[in-house]
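Q: Next up is a structure, given as C-alpha cells.
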Amino acid sequence: MKKMITKGSMIALCAAMMLSGCNSIKNTWDGMSQAGQGATAGGTIGAAVGTGVGALIGGGKGTWIGALVGGALGAGTGALVGNHMDTQKKALEEQLSQMQAQENKNSQDIEDIKVQMVKDRNDLDAIKLVLGDAVLFQTGKSDLSQAADAALSRVAYNLKQFPNTDVTVVGYTDNTGSEQLNQNLSEKRAESVVHYLESQGIPAARLKAVGMGENDPIASNSTAAGRAQNRRVEMFITADQQMIQNAQNGK
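Numbers in this note's numbering are just positions in the sequence shown, counted from 1, shifted up by 644.
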C-alpha cells in the first residue's frame with residue numbers, strides 16, 4: 645500500500661511552503677521531483693498557503709490526486725484518457741446498480757452512493773466514488789460491514805477490469821468527539837477499505853489511504869443530517885502512468 649497521508653503531513657507541508665516564501669503550495673509541489681513529493685507528503689497537492697487543511701485537500705474536486713507527470717499534456721492525450729475513464733465510470737455505475745437491485749433494499753444509504761467525474765492534478769478525467777459511512781461501517785467503528793462487502797466487491801471487480809488506474813481512498817468524519825479521535829478513525833477506515841481491495845487481488849501499489857478526520861465537511865455539522873453526510877469515504881480512481889503514456893502514444 646502507498647504511504648498514508650495524514651493531516652499532520654499536510655500541515656507540515658503548508659508550514660514549509662510558508663517559511664520558504666512561496667506564493668502557493670501547488671506551484672512548489674508541481675516543481676518537485678517525484679521523490680521529493682513522496683518524502684514531503686506522500687502525494688498530496690493543495691491550494692494557496694493559509695487557506696486551511698480542508699482547502700489543501702482540494703474541496704473534494706480531486707485536484708490533488710493522480711500521478712503527476714512532467715510537462716503539459718496535449719488535448720489528444722486528455723481525450724484518450726477521458727474515453728478510458730468514461731468507459732470505466734459507466735461500467736462501475738452499472739455494477740453498483742446491479743448490486744442495489746440484488747440487495748433488494750430501499751436503503752437510502754445504498755441509493756446515495758455517488759459516482760461522478762472530476763479532474764486530477766494533470767487536468768485529466770478521474771472518477772470520484774462517494775460512499776456514506778453507514779454503507780461501510782457501524783457507528784464509531786472501522787471494521788467493514790456486510791453492506792461494505794457488497795459495494796466494495798463491485799469496486800474491486802471494476803478495478804480488475806481496468807488495471808491501468810490507481811485508487812486513493814479518503815476517510816472523513818463529522819466533528820463529534822475529539823479532533824484526534826476523528827483523525828485516527830478516518831485513517832483506520834480508509835485503511836480498512838484499502839486492505840479489503842488488497843484482499844480481493846488489487847495490487848497494493850495501486851492503492852493509497854488518506855485520513856482527513858473532520859476536515860473538509862460537505863455539509864453543516866450543526867444538524868444530524870449534515871453530520872451524516874460528512875461521515876463518508878471518497879474513492880478517487882485516476883489514470884496511472886502507463887495509461888497516460890499509452891495515451892501520449894495514441895493508444
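A virtual CB, placed ideally from N, CA and C, is assigned to each residue, including glycine.
If you're wondering where the values come from, they're calculated on a predicted model, not measured in any experiment.
(1) Go through the region 748-829 residue by residue and report every complete run of the alpha helix (DSSP H) that reaches 4 residues or more, in order.
(2) In whole angstroms, what is the alpha-carbon distance linking A883 and L768?
(3) In whole angstroms, what is the alpha-carbon distance linking I639 and N808?
(4) Tell whether a beta-carbon distance below 7 Å holds between K852 and S786.
(5) Kindly indicate which three-state DSSP category I881 falls into: helix, strand or coil?
(6) For S789 and T731, I'd like the C-alpha separation in whole angstroms.
(7) What does G855 pair with, by DSSP beta-bridge criteria?
(8) Have a look at M887, N890, I881 and flag the residue whose alpha-carbon is nearest the alpha-carbon of L736.
(9) Hey, how far is the Cα of Q760 from the Cα of Q824?
(10) Please go through the same chain and pick out, in chain order, the residues whose beta-carbon is closer than 8 Å to the beta-carbon of Q885, but skip the five residues on each side of it.
(11) According to DSSP, is Q742 part of a helix, a strand, or is it coil?
(12) Inspect the beta-carbon positions of A863 and G870 and report whether they are closer than 7 Å.
(13) What's the C-alpha gap between A778 and A800?
(14) Hey, how far is the Cα of G894 from the Cα of Q827?
(15) With burial defined as no fewer than 16 other Cβ atoms inside 10 Å of the residue's Cβ, what is the status of T867: buried or exposed?
(16) Assuming N874 and D818 are in contact, meaning their beta carbons sit under 8 Å apart, how far apart are those beta carbons, in whole angstroms?
(17) So, are the CB atoms of V594 and G815 less than 7 Å apart?
(18) Using three-state DSSP, classify W673 as helix, strand or coil.
(19) Could you say which of Q844, A719, F806 lies nearest to A794 if we only look at CA atoms?
(20) When you compare only the Cα positions, how much space is there between A834 and L780?
(21) Let me make sure I understand the geometry here. Which of T820, Q805, G821, L796 has the alpha-carbon closest to that of V813?
(22) On a CA-only basis, which of G821, Q892, M743, A770 is nearest K733? Give me that one, please.
(23) Report back the beta-carbon spacing between R765 and D810 to the nearest angstrom; my notes put them in contact at under 8 Å.
A: This is what the structure holds:
(1) Those alpha helix (DSSP H) runs which fall completely within the region 748-829 and span 4+ residues are 752-755, 777-780, 790-805.
(2) Taking the sequence shown and counting its residues from 1, one reaches residue 883 at position 239. Taking the sequence shown and counting its residues from 1, one reaches residue 768 at position 124. Taken atom to atom, the span from the alpha-carbon of A883 to that of L768 is near 8 Å.
(3) Here the chain covers residues 645 to 895 and nothing more, so residue 639 does not appear.
(4) Reading the sequence shown from its first residue, position 208 is the one you call residue 852. Reading the sequence shown from its first residue, position 142 is the one you call residue 786. No, the Cβ-Cβ distance between K852 and S786 is not below 7 Å.
(5) Taking the sequence shown and counting its residues from 1, the one referred to as residue 881 is at position 237. Note: I881 maps to strand in three-state DSSP.
(6) On the sequence shown, residue 789 is found 145 positions in, with the first residue counted as 1. On the sequence shown, residue 731 is found 87 positions in, with the first residue counted as 1. Those two C-alpha atoms are separated by around 29 Å.
(7) Taking the first residue of the sequence shown as position 1, residue 855 is located at position 211. Within the DSSP bridge table, the entry for G855 names G815 as partners.
(8) Along the sequence shown, read from residue 1 onward, the residue named residue 736 stands at position 92. Answer by Cα proximity: I881.
(9) What you label residue 760 is simply residue 116 of the sequence shown in a count that begins at 1. What you label residue 824 is simply residue 180 of the sequence shown in a count that begins at 1. Cα to Cα, Q760 sits roughly 30 Å from Q824.
(10) Reading the sequence shown from its first residue, position 241 is the one you call residue 885. If the five residues before and after Q885 are omitted, its C-beta is found closer than 8 Å to the C-beta atoms of A711, V713, all from its own chain and listed in chain order.
(11) By one-based count along the sequence shown, residue 742 stands at place 98. Looking at Q742 - three-state DSSP - the assignment turns out to be helix.
(12) The residue given as residue 863 occupies position 219 in the sequence shown. The residue given as residue 870 occupies position 226 in the sequence shown. In this structure, A863 sits near G870, with a CB-CB distance shorter than 7 Å.
(13) Counting from one through the sequence shown, the residue named residue 778 turns up at place 134. Counting from one through the sequence shown, the residue named residue 800 turns up at place 156. Approximately 19 Å, taken between the alpha carbons.
(14) Counting from one through the sequence shown, the residue named residue 894 turns up at place 250. Counting from one through the sequence shown, the residue named residue 827 turns up at place 183. The straight-line gap from Cα to Cα measures roughly 43 Å.
(15) As a first step, residue 867 is located in the sequence shown; it is residue number 223 there, counting from the start. By the neighbour-count rule (16 or more Cβ atoms within 10 Å), T867 is not buried but exposed.
(16) Translated into positions along the sequence shown, residue 874 becomes position 230. Translated into positions along the sequence shown, residue 818 becomes position 174. With a Cβ gap of about 4 Å, N874 and D818 count as contacting.
(17) It is not possible to answer for residue 594, since the shown part of the chain is limited to 645 through 895.
(18) Residue 673 sits at position 29 when you count from the first residue of the sequence shown. A caution first: W673 carries a pLDDT of 38, below 50, which makes its placement in the model too unreliable to give a value.
(19) Taking the first residue of the sequence shown as 1, we reach residue 794 at position 150. Nearest option by C-alpha distance: Q844.
(20) Working through the sequence shown from its first residue, we reach residue 834 at position 190. Working through the sequence shown from its first residue, we reach residue 780 at position 136. Annotation: A834 to L780 spans about 10 Å, alpha carbon to alpha carbon.
(21) Looking up residue 813 in the sequence shown gives position 169. Nearest of T820, Q805, G821, L796 to V813, Cα basis: L796.
(22) What you label residue 733 is simply residue 89 of the sequence shown in a count that begins at 1. Answer by Cα proximity: A770.
(23) The sequence position of residue 765 within the sequence shown is 121, counting from 1. The sequence position of residue 810 within the sequence shown is 166, counting from 1. Going by Cβ atoms, the distance from R765 to D810 rounds to 12 Å, so no, they are not a contact pair.
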